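Per full-length UniProt numbering, the very first residue in the sequence shown carries number 1; after that it's consecutive.
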Amino acid sequence: MERLQKILAGAGVASRRKCEELILGGKVQVNGETVTTLGTKADPAVDVITVGGKTIGAEKKIYIVFNKPKGVITSASDPQGRKIVTDYLKGITERLYPVGRLDYDTEGLLLLTNDGDFAHLLTHPKHHVPKTYHATVKGVPHGTELDKLKKGVMLEDGMTAPAEVEYQDIDPEQKHSTISITIYEGRNRQVRRMFDAIKHPVTKLKRISFGDLYLGNLKRGLYRHLTKEEIEGLLKQARIAGNKSAKGQADRSK
């Protein structure tokens, strides 16, 4: 059972706020009876829900992984007319939203879905779902500099959580190197800012994994649907991380 306004919004009727207005205005019926009370719950798999005489059904849940190219906006729209991720989702009619973000110049693994609960669970700060990137940076950071990232570095919005860092590739002329870095937070442009903090700015950034889900050989600009096992695996990992976080907070408060 879900709140009626959430069902309507999920089915693409309108925004949550607009759906509330439709309910208050007497435009919504459940099993033939007009509902005007916000918070009324229904089951779209069982109940017949109509809006203005038109029957709506439960929206099919979609979960996809997309290999985002550089120079694409992680958004449902862009006032400047630049390419957005949904421009690449040919064949999908449902309205999807990104799970987290990749900035304009970052490429790689991006999840998209129309399941708000799924997105919330994976992006909530307390769940600490790991995300791994390959960062090509100027020069070759010394081991002591990478140790700073492993312990956490101070940024303008506070100290970062410890990261997992290792060399991936080093240019023979030492002009650049590629570092694999796994973070457990989701701050804005965090990886770039972390490498700026150790004086090795990022020139190329690619996310290769989100939790236990890897980009693999998915080509740039293409997407695929997640399997049931992959969806369940991500949810399980987020819940486990959330439980560990809650336990850690409880232990620190003793």
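Note that CB positions come from ideal geometry on N, CA and C, so glycine has one too.
Remember, it's a predicted structure, so these values are computed and weren't measured experimentally.
Exercise for the section: Measure the C-alpha to C-alpha separation of M194 and R17 and round it to an integer number of angstroms. Expected result: Taking the first residue of the sequence shown as position 1, residue 194 is located at position 194. Taking the first residue of the sequence shown as position 1, residue 17 is located at position 17. If I take the Cα positions, the gap works out to 38 Å.
Handout entry: Every unbroken beta strand (DSSP E) within the region 60-135, with a cutoff of 3 residues, ordered by chain
Key = Here the runs fully enclosed are 63-68, 97-99 and 106-113.
Problem - Burial state of R95, where buried means 16 or more other Cβ atoms lie within 10 Å - result: Against the sequence shown, residue 95 aligns to sequence position 95. Label assigned to R95: exposed.
Practice task
Spatial neighbours of I240 within its chain, please: CB distance less than 8 Å, with the 5 preceding and 5 following residues excluded, ordered by chain position.
Solution key: Looking up residue 240 in the sequence shown gives position 240. The beta carbon of I240 sits closer than 8 Å to none of the beta carbons in its chain outside the five residues before and after it.
Practice task
Along the beta strand (DSSP E) that carries R207, what are the first and last residues, could you check?
Solution key: Looking up residue 207 in the sequence shown gives position 207. Under the DSSP assignment, R207 falls in the beta strand (DSSP E) whose first and last residues are V202 to F210.
Exercise for the section: Would you tell me roughly how many angstroms separate the C-alpha atoms of S180 and L155, rounded to the nearest one? Expected result: For the purposes of this step, residue 180 is taken as residue 180 along the sequence shown, with counting starting at 1. For the purposes of this step, residue 155 is taken as residue 155 along the sequence shown, with counting starting at 1. Rounded to whole angstroms, S180 to L155 spans 20 Å at the Cα level.
Exercise for the section: Assign N67 to buried or exposed, taking buried as 16 or more other Cβ atoms, counted over all protein chains shown, within 10 Å of its Cβ. Expected result: Counted from its first residue, the sequence shown places residue 67 at position 67. Buried is the call here.
Practice task
Using three-state DSSP, classify K27 as helix, strand or coil.
Solution key: For this step, residue 27 is matched to residue 27 along the sequence shown. DSSP, reduced to helix, strand and coil, places K27 outside both helices and strands of the structure shown, so it counts as coil.
Problem - CB contact flag (A135, L205, <9 Å) - result: Along the sequence shown, one-based indexing puts residue 135 at 135. Along the sequence shown, one-based indexing puts residue 205 at 205. Yes, Cβ-Cβ distance for A135 and L205 is below 9 Å.
Problem - CB contact flag (K236, T182, <9 Å) - result: To locate residue 236, count along the sequence shown from 1; it is residue 236. To locate residue 182, count along the sequence shown from 1; it is residue 182. No, Cβ-Cβ distance for K236 and T182 is not below 9 Å.
Practice task
Return helix, strand or coil for R3, following the three-state DSSP convention.
Solution key: Residue mapping note: residue 3 aligns to position 3 of the sequence shown, counting from 1. R3: strand per DSSP, three-state reduction.
Practice task
Mind reading off the beta-carbon distance from V129 to A238? Whole number of angstroms is fine, and I expect it under 8 Å.
Solution key: In the sequence shown, residue 129 corresponds to position 129, counting from 1. In the sequence shown, residue 238 corresponds to position 238, counting from 1. With a beta-carbon spacing of about 5 Å, V129 and A238 fall inside the 8 Å limit used to define contacts.
Handout entry: Cβ-based neighbour list, T106, same chain, cut-off 6 Å, excluding 5 preceding and 5 following
Key = On the sequence shown, residue 106 is found 106 positions in, with the first residue counted as 1. For T106, where only same-chain residues beyond five positions count, the Cβ hits under 6 Å are L205.
Problem - Residue nearest to L109 in terms of C-alpha spacing, selected from V99, D117 and F118 - result: Looking up residue 109 in the sequence shown gives position 109. V99 is the residue among V99, D117 and F118 whose C-alpha sits nearest the C-alpha of L109.
Practice task
Express the C-alpha separation of S77 and T113 in angstroms, rounding to a whole number.
Solution key: Taking the sequence shown and counting its residues from 1, the one referred to as residue 113 is at position 113. Taking the sequence shown and counting its residues from 1, the one referred to as residue 77 is at position 77. T113 and S77 have their alpha carbons spaced roughly 16 Å apart.
Practice task
Return the first residue and the last residue of the alpha helix (DSSP H) that D147 is part of.
Solution key: Taking the first residue of the sequence shown as 1, we reach residue 147 at position 147. Residues G143 to K151.
Practice task
Look at the alpha carbon of K70 and the alpha carbon of E173, and state the distance between them as a whole number of angstroms.
Solution key: As a first step, residue 70 must be located in the sequence shown, where it is residue number 70. As a first step, residue 173 must be located in the sequence shown, where it is residue number 173. Near 26 Å, if we compare the C-alpha coordinates of E173 and K70.
Practice task
Grab the span of the alpha helix (DSSP H) containing V191 for me, first residue to last.
Solution key: For this step, residue 191 is matched to residue 191 along the sequence shown. Residue range Q190 to A197 is occupied by the alpha helix (DSSP H) that includes V191.
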